[in-house]
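Heads up: the sequence shown at position 271 corresponds to 271 in full-length UniProt numbering, and the numbers run straight through without jumps. We put the CB at the ideal spot given by N, CA and C, even for glycine. Only one structure is covered here, and it is reproduced in the block below.
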Amino acid sequence: MKTILVPTDFSIPADSAIHYAVKLAVLWDASLILYHSFIPYESGFYLLSLNEKDNMEAHKKVTNRLTAINNSIVKKNPNLSISIHVDQGPEGIKIIDFCKKSKADLIVMGTKGASGLKEKLIGSFTAEVTINAPCPVLAIPNKYKFKVPEKITYATNYSKKDKKVLQLLLEFNRIFDAKINILHVDWGITLFTADEDYDRYKKTTQNHFKDFEFTYHHTVGKDISKTILEETLIDKTDMIVMNPLKRKGIWNRIFHRSVTKKMAYHVPIPLLTIPIK
Numbered sequence: 001m002k003t004i005l006v007p008t009d010f011s012i013p014a015d016s017a018i019h020y021a022v023k024l025a026v027l028w029d030a031s032l033i034l035y036h037s038f039i040p041y042e043s044g045f046y047l048l049s050l051n052e053k054d055n056m057e058a059h060k061k062v063t064n065r066l067t068a069i070n071n072s073i074v075k076k077n078p079n080l081s082i083s084i085h086v087d088q089g090p091e092g093i094k095i096i097d098f099c100k101k102s103k104a105d106l107i108v109m110g111t112k113g114a115s116g117l118k119e120k121l122i123g124s125f126t127a128e129v130t131i132n133a134p135c136p137v138l139a140i141p142n143k144y145k146f147k148v149p150e151k152i153t154y155a156t157n158y159s160k161k162d163k164k165v166l167q168l169l170l171e172f173n174r175i176f177d178a179k180i181n182i183l184h185v186d187w188g189i190t191l192f193t194a195d196e197d198y199d200r201y202k203k204t205t206q207n208h209f210k211d212f213e214f215t216y217h218h219t220v221g222k223d224i225s226k227t228i229l230e231e232t233l234i235d236k237t238d239m240i241v242m243n244p245l246k247r248k249g250i251w252n253r254i255f256h257r258s259v260t261k262k263m264a265y266h267v268p269i270p271l272l273t274i275p276i277k
């Protein structure tokens, strides 16, 4: 984790993410990129030169705001490497493109959360980025204060990609040395093979990672995201980890598409998504 990309819309949730990212950058000796993308002004009623002038002014205002944040951070952390970048265009597309271009190792974003009808109508920008980003994304809840995680929960559906996810998670966890619990929520369809799957997965995983002792928990719940949140609250976990990539099949569509987005809406603790192709 040498380059951390931190998109901001200058909101309070974004500020929470920036503060968290700064703490991570200091611990990891990583560099930060403060990022913002705005929609350029275009109108057929005005001359092209006027449109360009408005966009240049907008670019300058955004640059000044990012520079002010940059200076504030450097004042308290003089040895921290920080740069700023301003894009023009839809944030969702531009962030993904810039992440690839800058070879960012991690995106840290704030999440406002949503619920009920609001969740279905407007969605969550951070949730969409967690689904589509080529690198890990760490979603930070509004006003969440940084703490070194002592317990991390990886929510899994017993995927074949888990070994790669867990390998990256162990690298992420190297400086924290937190306990890692592997949680599986069975929603009933495969309940008759649940015990066999659990035993097989536990044995295979532990044989592969002989230098780290995971803990395992297998439970049942029809609402997977709700059950994950309940279990992590009981366990007093400090961070939830998921693999967000969409795959074929009923279980995978439910788990990866719906659950990951719901978690980004409602999670009260940091949510780390690790994509594995």
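query                                                                                                       : result
8 Å Cβ shell around Phe212 - same chain, five flanking residues per side excluded                           : Leu170 and Ile180
Alpha-carbon to alpha-carbon, Val26 and Thr153                                                              : 24 Å
Of the listed residues His36, Lys23, Asp29 and Glu231, nearest to Lys151 (C-alpha basis)                    : Glu231
Member of Thr205, Trp187 and Asp235 whose CA lies at the smallest distance from the CA of Val220            : Trp187
CB contact below 9 Å: Tyr20 versus chain C                                                                  : In the structure shown, chain C does not exist; there is a single protein chain.
At least three beta-carbon pairs within less than 8 Å, the segment 93-101 to the segment 127-136            : yes
For Lys100, three-class secondary structure by DSSP                                                         : helix
Residue burial classification, residue 278 (beta-carbon count within 10 angstroms, cutoff 16)               : In the structure as shown, the chain begins at 1 and stops at 277. Residue 278 is therefore absent and cannot be evaluated.
Extent of the continuous beta strand (DSSP E) to which Phe172 belongs                                       : Not the beta strand (DSSP E): Phe172 falls in the alpha helix (DSSP H), residues Asp162 to Asn173.
CA-to-CA distance, Ile140 to Ile4, given in whole angstroms                                                 : 14 Å
Limits of the beta strand (DSSP E) - the one that Asp235 falls within                                       : From DSSP, Asp235 is part of no beta strand (DSSP E) but of the alpha helix (DSSP H) over Ile224 to Asp235.
Rounded Cβ spacing between Glu128 and Gly89 (contact assumed at less than 8 Å)                              : Not really, about 15 Å apart at Cβ, beyond 8 Å.
Ala68, buried or exposed, once every other Cβ within 10 Å from all chains shown has been counted against 16 : exposed
Three-state class that DSSP yields for Val267 in the structure shown                                        : coil
Cutoff 6 Å; reference Met1; Cβ partners in own chain excluding five residues on either side                 : Trp28, Ala30, Asp105 and Leu106
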